[in-house]
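Visitor: Protein chains in written order, with my numbering: chain A, 1 to 297; chain B, 1001 to 1135.
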Amino acid sequence: MSLAYYPGCTLKTKAKNLEDPAIASMEVLGSRLEEIPRWNCCGAVYSLADDDLIHQVAPVRNLIRVKEQGKNEVVTLCSFCLNTLKRANLLMKEDAEKRGTLNSFMDEEIDYGGEVEVVHLLEVLKDQVGWEALAQKVKLPLRGLRVAPYYGCTLLRPREVAIDDVEKPTILQELLEAVGATPVDFPEFAECCGSYQIVSSPDDIPKYAWHILNSALSHGAEALVLTCPLCDYNLGQGQKELMKKHDGFDGVPLFYFTQLLALALGLGPQVCHFELNYGEPELLLREKNLLPRVEAL
Amino acid sequence: MSATISSKTLGSEFVRKVKEISGQNLHLCYQCGLCSGNCPMVSSMDLPPRQVIELARLGLEEEITSSRTVWTCASCLACTVNCPRGFDLSKVMEAIRLLTLRKNVDHLRPEDISPQERCALPQLAMVGGLRKFSG
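What follows is the structure in structure tokens.
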């Protein structure tokens, strides 16, 4: 089975450790993530202004590329891309006046009316692969690995594009269980890491990061699992400074969900690129005897 | 803080534009404060989100634009999903930011970001940040 896939900018540069294990894992699960041709940046953030249509052009063009392929679904891995594409898609589906304006503006493109469904890979794993089928493919159950699922903002908000229940999502917990890890719930699972404030107010970010990381640790987690390259950066890059500031804090590994998936499917570190992660995940995996066993596969 | 509320402020161009750009009815809000209570950035703000709505509908433009609150909002939408009145404060925050940016006054310019930061930051942070903070 071939799935239309939109990677977005960050996955091609800073987050190969999100993309590579996803592509390799889906091959093992019998699906090919096929990058859509001529994709462009989605704009990262959805425009919240009612009178701003020009910023809808970029995400809608990507959806048109999918429609041109004869596909009715596009898969994303980055939470921001999912959010921006899904909200732009909703606008094209539901607002006839704006749809008309945008279609007229892009007169070199085919008309678009929200025909494509935007989904996150987590939804594909749950609804198309299925947790039981996934569990059967696991070669290396991640037994004993206590991981806090961190959803962040854009997978769950606003309500109309959420991939799961806004107040009590379980999709990451279900993935962790399917790969044999132990999910550790904590209250800050959807609290904002500071997002793009890292660009304008970087000094505020460690405060938000500490609040999230400390809560996950105090609930018994040994690592966090996430889906967003910006969450990864904000929670990861300041950890060395946080170690100096907070006695007893030795850092905490951050994993992309695709890395834990690939690891459990037996794909190993050469696919997972743990060297790009924050918080020295390989130390934890070695301690849990999860790396040597992979290398022996 | 003291401010003068008058028919001039209440019917100001500022109020009209905030409503137009945000598409929100500012009078929906009944000031319960759940937005401030749920805001993860509130500790870095000088005006809590609830007060931004109240000042906006009173037309107290100067009080809002002299505050750093709209520039501290990360559009995380914690306020939006928790509002019992279905009011979307994230759109009001965006409208107020845009009223400044559309005067060609940038809150952040690309040259304000050091070359080291530019290399380190994920692309989506650069794109998102400059989208939100420059015209």
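Using N, Cα and C, we set each Cβ at its ideal position, and we do this for glycine too.
All values derive from a computational prediction rather than experimental measurement.
#1: Does the stretch 257 to 277 of chain A come close enough to the stretch 11 to 29 of chain A that 3 or more CB-CB pairs lie under 8 Å?
#2: Taking 8 Å as the CB-CB limit, is Ser31/A close to chain B?
#3: Which runs of the beta strand (DSSP E) at least 3 residues long sit entirely within the stretch 199 to 242 of chain A? Give them in chain order.
#4: Spatial neighbours of Cys1073/B within its chain, please: C-beta separation below 6 Å, excluding the five flanking residues on both sides.
#5: Suppose only complete runs of 4+ residues qualify. What are the alpha helix (DSSP H) ranges in the stretch 1029 to 1071 of chain B, listed by chain order?
#6: Helix, strand or coil for Val294/A? Go by DSSP, reduced to three states.
#7: Give the DSSP bridge partners of Pro183/A, in chain order.
#8: Listed in chain order, which residues of the stretch 54 to 81 of chain A have Cβ atoms closer than 9 Å to some Cβ of chain B?
#9: Name, please, each residue of chain A whose Cβ falls closer than 8 Å to the Cβ of Thr1072/B.
#10: Compare the Cα-Cα distances from Glu280/A to each of Ala264/A, Lys139/A, Gly130/A and Glu222/A and report the closest residue.
#11: Following the continuous beta strand (DSSP E) through Ala4/A, name the residue where it begins and the one where it ends.
#12: Which residues in chain A have a C-beta closer than 8 Å to the C-beta of Gly1127/B? List them in chain order.
#13: Going straight from the alpha carbon of Tyr150/A to that of Leu213/A, what length do you get?
#14: Quick one: residues in its chain with C-beta nearer than 6 Å to the C-beta of Arg32/A, no 5 flanking neighbours on either side, listed in chain order?
#15: Tell me whether His1107/B sits in a helix, a strand or coil according to DSSP, three-state version.
#16: Please list, in chain order, the chain B residues whose beta carbon lies closer than 7 Å to that of Thr13/A.
#17: Can you tell me which residues form a DSSP beta bridge with Glu34/A?
#18: Using a Cβ cut-off of 7 Å, pull out every chain A residue sitting near Val1081/B, in sequence order please.
#19: Which same chain residues end up closer than 8 Å to Val1105/B when comparing Cβ atoms and leaving out the 5 residues on each side of it in sequence?
#20: Using Cβ-Cβ distances below 8 Å, what residues of the stretch 1019 to 1047 of chain B are close to chain A?
#21: So is His273/A in contact with chain B if we call contact Cβ pairs under 8 Å?
#22: Quick check: what's the CA-CA separation for Leu224/A versus Gly130/A?
#23: By the three-class DSSP mapping on this structure, what secondary structure does His55/A have?
#24: I'd like the list of long-range same chain contacts for His219/A, defined as Cβ closer than 6 Å, with 5 residues on each side in sequence excluded.
#25: Select from the stretch 179 to 194 of chain A all residues with a C-beta closer than 9 Å to any C-beta belonging to chain B, and list them in chain order.
#26: List, in chain order, every chain A residue whose beta-carbon is nearer than 8 Å to that of Leu1098/B.
#27: Give the DSSP-derived three-state secondary structure of Thr76/A in the structure shown.
#28: Leu254/A by DSSP, collapsed to three states: which one?
#29: Please state the DSSP three-state secondary structure of Glu275/A.
#30: Using a threshold of 8 Å, state whether the C-beta atoms of Leu235/A and Cys193/A are closer than that.
#31: Relative to the C-alpha of Glu191/A, which candidate in His211/A, Asp164/A, Gln56/A and Thr10/A has its C-alpha closest?
#32: DSSP has Val118/A in a bridge; who is on the other side?
#33: Show which residues of chain B have a CB atom less than 9 Å away from the CB atom of Lys207/A.
#34: Taking the alpha carbon of Ser1044/B as the point to measure from, which residue in Phe1087/B, Val1070/B and Pro1084/B has its own alpha carbon closest?
#35: Comparing C-alpha positions only, which one of Leu285/A, Glu160/A, Ala209/A and Glu109/A sits nearest to Met243/A?
Guide: By the coordinates alone:
#1: Cβ pair count under 8 Å is three or more, so yes.
#2: One-based indexing of the first sequence puts residue 31/A at position 31. The beta-carbon of Ser31/A is placed no less than 8 Å from the nearest beta-carbon of chain B.
#3: Scanning the stretch 199 to 242 of chain A for uninterrupted beta strand (DSSP E) segments of 3 residues or longer gives 223 to 226, listed from N- to C-terminal end.
#4: What you label residue 1073/B is simply residue 73 of the second sequence in a count that begins at 1. The beta carbon of Cys1073/B lies closer than 6 Å to those of Met1093 in the same chain, with the five residues before and after it left out.
#5: DSSP runs (the alpha helix (DSSP H)) wholly in the stretch 1029 to 1071 of chain B: 1034 to 1038, 1049 to 1057 and 1061 to 1065.
#6: Walking along the first sequence from the start, residue 294/A turns up at place 294. Note that Val294/A has pLDDT 45, beneath the 50 cutoff, so the model's placement of it is unreliable and no number is given.
#7: Position 183 of the first sequence, counted from the first residue, corresponds to residue 183/A. For Pro183/A, which the question treats as bridged, DSSP gives the partners Val147/A.
#8: Of all residues in the stretch 54 to 81 of chain A, His55, Cys78, Phe80 and Cys81 have a Cβ within less than 9 Å of some Cβ in chain B.
#9: Along the second sequence, read from residue 1 onward, the residue named residue 1072/B stands at position 72. By Cβ distance, chain A contributes Gln197, Ser201 and Asp204.
#10: The sequence position of residue 280/A within the first sequence is 280, counting from 1. Closest in C-alpha terms to Glu280/A, from the list Ala264/A, Lys139/A, Gly130/A and Glu222/A, comes Glu222/A.
#11: Sequence index remark: in the first sequence, residue 4/A carries index 4 (1-based). Per DSSP, Ala4/A belongs to the beta strand (DSSP E) from Ser2 to Tyr6.
#12: Within the second sequence, numbered from 1, the residue matching residue 1127/B stands at position 127. With the sequence shown as reference, residue 1127/B is identified as Val, and Gly is not the correct amino acid for it. Under the 8 Å cutoff, chain A gives Cys9, Cys41, Gly43, Ala44 and Val45.
#13: Here residue 150/A refers to the residue found at position 150 of the first sequence. Here residue 213/A refers to the residue found at position 213 of the first sequence. A direct Cα-to-Cα measurement between Tyr150/A and Leu213/A gives close to 10 Å.
#14: The residue given as residue 32/A occupies position 32 in the first sequence. The answer, listed in chain order, is Ser2.
#15: Residue 1107/B sits at position 107 when you count from the first residue of the second sequence. In the structure shown, His1107/B sits in coil (DSSP, three-state: anything other than H, G, I, E or B).
#16: Within the first sequence, the letter at position 13 stands for residue 13/A. Neighbourhood of Thr13/A in chain B, by CB distance below 7 Å: Gln1123, in chain order.
#17: Taking the first residue of the first sequence as 1, we reach residue 34/A at position 34. Within the DSSP secondary-structure output, Glu34/A pairs in a beta bridge with Ala4/A.
#18: Within the second sequence, the letter at position 81 stands for residue 1081/B. Per Cβ cutoff of 7 Å: Arg157, Pro158, Arg159 and Val166.
#19: For the purposes of this step, residue 1105/B is taken as the residue at position 105 of the second sequence. Closer than 8 Å at the Cβ level, and outside the excluded window around Val1105/B, lie Gly1135.
#20: The stretch 1019 to 1047 of chain B vs chain A, Cβ under 8 Å: Glu1020, Ile1021, Ser1022, Gly1023, Pro1040, Met1041, Ser1043 and Ser1044.
#21: Within the first sequence, numbered from 1, the residue matching residue 273/A stands at position 273. False, the Cβ-Cβ gap to chain B never drops below 8 Å.
#22: By one-based count along the first sequence, residue 224/A stands at place 224. By one-based count along the first sequence, residue 130/A stands at place 130. Taking the CA atoms as reference points, Leu224/A sits about 23 Å from Gly130/A.
#23: As a working note, residue 55/A is residue 55 in the first sequence. Reduced to three states, the DSSP call for His55/A is helix.
#24: As a working note, residue 219/A is residue 219 in the first sequence. Result list for His219/A: Val184 and Phe186, in chain order.
#25: Within the stretch 179 to 194 of chain A, the residues whose Cβ lies closer than 9 Å to some Cβ of chain B are Glu188, Ala190, Glu191, Cys192, Cys193 and Gly194, listed in chain order.
#26: Here residue 1098/B refers to the residue found at position 98 when the second sequence is read from its first residue. Per Cβ cutoff of 8 Å: Ala49 and Asp52.
#27: Here residue 76/A refers to the residue found at position 76 of the first sequence. Per DSSP, reduced to three states, the secondary structure at Thr76/A is strand.
#28: Taking the first residue of the first sequence as 1, we reach residue 254/A at position 254. Note: Leu254/A maps to strand in three-state DSSP.
#29: As a working mapping, residue 275/A is identified with position 275 in the first sequence. In the structure shown, Glu275/A sits in a helix (DSSP, three-state: H, G or I).
#30: Counting from one through the first sequence, the residue named residue 235/A turns up at place 235. Counting from one through the first sequence, the residue named residue 193/A turns up at place 193. Yes, Cβ-Cβ distance for Leu235/A and Cys193/A is below 8 Å.
#31: Looking up residue 191/A in the first sequence gives position 191. Ranking His211/A, Asp164/A, Gln56/A and Thr10/A by CA distance to the CA of Glu191/A puts His211/A first.
#32: Here residue 118/A corresponds to residue number 118 of the first sequence, with the count starting at 1. As computed with DSSP, Val118/A is found in a beta bridge with Val74/A.
#33: Taking the first residue of the first sequence as position 1, residue 207/A is located at position 207. Ordered by position in chain B, the residues that pass the 9 Å Cβ test against Lys207/A are Ser1043 and Ser1044.
#34: As a first step, residue 1044/B is located in the second sequence; it is residue number 44 there, counting from the start. Here the closest residue by C-alpha is Val1070/B.
#35: In the first sequence, the residue the question calls residue 243/A occupies position 243. Among Leu285/A, Glu160/A, Ala209/A and Glu109/A, the Cα nearest to that of Met243/A is on Ala209/A.
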